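Trainee:
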Amino acid sequence: MRASRIDQMQDYVLSEHTVSVKQLCEEYHISYNTARRDINQLIARGAIEKTYGGVCAKSTFVPPAFVNRNEQHLDIKRNIAQKAAQFIQDGDIIYIDSGTTAWHIMGVCIIADQFCTLCTYIKSCDYHGCTSLLFSA
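If you're matching positions, the sequence shown starts at 1 in the numbering used here and goes up one per residue.
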């Protein structure tokens, strides 16, 4: 019965990606200590790793490169950037994170010749042709 439960747990964690100890206790009607012992068995198998308060599937996923992600859903990203840029006023200081959707706001501000300070990730600056992490558009 225990081996079967551990097999089921492994499938459950792999399908959910991240599971708390509490979830395992509730799903399999086991005590916290039993869940911890089962987790140790799962970890020994190698497909699952321990996290704070639970377990997660070991990931072999490598996210696609920025350039590839940036080209996906391009029209939607540009529309979002256009809408977001409407809230930017001259003199604002804007932090642009490294996400591909937020990144398009930089291009909108530069094209609109808005005077605002944009702080961003260096690769975004390289792509837009500026030379500083902190620049004014």
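Where a beta carbon is used, it is the ideal one built from N, C-alpha and C, also for glycine. This structure is a prediction, so every number in the text was calculated from the model and none was measured.
#1: Under a Cβ-count criterion, where at least 16 other Cβ atoms within 10 Å of its own Cβ denotes burial, should V19 be classed as buried or exposed?
#2: Could you give the residue range of the beta strand (DSSP E) that holds K50?
#3: Could you check where the beta strand (DSSP E) with A81 kicks off and where it finishes?
#4: Where do the N-terminal and C-terminal ends of the alpha helix (DSSP H) with S15 fall, by residue?
#5: G46: beta carbon under 7 Å from a heavy atom of the ligand FAD?
#6: Using only alpha-carbon positions, find the residue among A3, R69 and A57 that is nearest to E16.
#7: When you compare only the Cα positions, how much space is there between L68 and R78?
Mentor: Let me spell this out:
#1: buried
#2: I48 to T51
#3: No beta strand (DSSP E) contains A81, which is instead part of the alpha helix (DSSP H) from L74 to A85.
#4: Unbroken alpha helix (DSSP H) run through S15: R2 to E16.
#5: Questions concerning the ligand FAD fall outside what the structure shown contains, since it holds no ligand whatsoever.
#6: A57
#7: Looking at the sequence provided, one finds Asn at residue 68 rather than Leu. In a straight line, the C-alpha of N68 is about 15 Å away from that of R78.
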